[in-house]
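Chemist:
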Amino acid sequence: MTEEYYQDHNSDDFTEEKSRTKIKKEAHDITDFGKKLTELSEERIKKMPLDEKIIDEIIKAKSMQRIALKRQLQYIGKLMRNADLHEAYATYDGYTQKNQAEIAKIHRLEQLRDALVNDHTMKAALDKLMSDHPHTDTQQLRQLIRNHHKEVSQQNPGKSYRQIFQLLKETLG
1 MTEEYYQDHN SDDFTEEKSR TKIKKEAHDI TDFGKKLTEL SEERIKKMPL DEKIIDEIIK
61 AKSMQRIALK RQLQYIGKLM RNADLHEAYA TYDGYTQKNQ AEIAKIHRLE QLRDALVNDH
121 TMKAALDKLM SDHPHTDTQQ LRQLIRNHHK EVSQQNPGKS YRQIFQLLKE TLG
């Protein structure tokens, strides 16, 4: 009997079955992925390489709250378990990488703006900006910086500060 058992389990046909824990973890991960998809814009959801039924259910979930949303996410997870998700994961990663790049770009522009309006770093930041981007409208930028300092002294900051950011965004792309 032991010999027979040993032969059965050492054959080339033997495929290891997934444990229940591993199956549950994969199901939970797919449900979490479905939840992440509900956080995307409707336009991006429609571009996902998924079955139309799954896309419709994800869009429905965006308008649900609490318990209904939880049930809907579980249903989406169930539908997605039977689908090939490799392309969907790749598409989602592309969206998140684009978003992270856009956020990093905005942070760089904000840091540059802060350096430009700071009296101690303005000269160095302006010189660096002019050397890196000579097509920048320096006259308008200097005027906005002066307006910002005037607004701060009048305790009414905001408008010029935003305009500096918009000018940098237009200039630096």
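Using UniProt numbering, you'd call the opening residue of the sequence shown number 1 and step up by one each time.
Beta carbons are placed, not taken as given, at the ideal position from N, Cα and C, and that holds for glycine.
Tell me where the alpha helix (DSSP H) around T31 begins and ends.
Modeler: It spans 20-38 - the alpha helix (DSSP H) in which T31 sits, taken as one unbroken run.
Chemist: Going by Cα to Cα distance, which pick from K22, K53, Q111 is closest to L79?
Modeler: The shortest Cα separation from L79 among K22, K53, Q111 belongs to K53.
Chemist: Determine the extent of the alpha helix (DSSP H) in which E110 is found, giving its start and end residues.
Modeler: Here the alpha helix (DSSP H) through E110 covers 86-117.
Chemist: With DSSP collapsed to three states, give me the class of K47.
Modeler: Here K47 sits in coil by DSSP.
Chemist: Comparing alpha-carbon positions, which option in K169, N156, R44, T171 lies nearest K98?
Modeler: If we check each option's Cα against that of K98, R44 comes out closest.
Chemist: Quick one: what does DSSP say T138 is sitting in, helix, strand or coil?
Modeler: The answer is helix: DSSP assigns T138 an H, G or I state.
Chemist: Taking the Cβ atom as the reference point for each residue, do G34 and G94 lie within a distance shorter than 7 Å?
Modeler: For G34 and G94, no; Cβs fall outside 7 Å.
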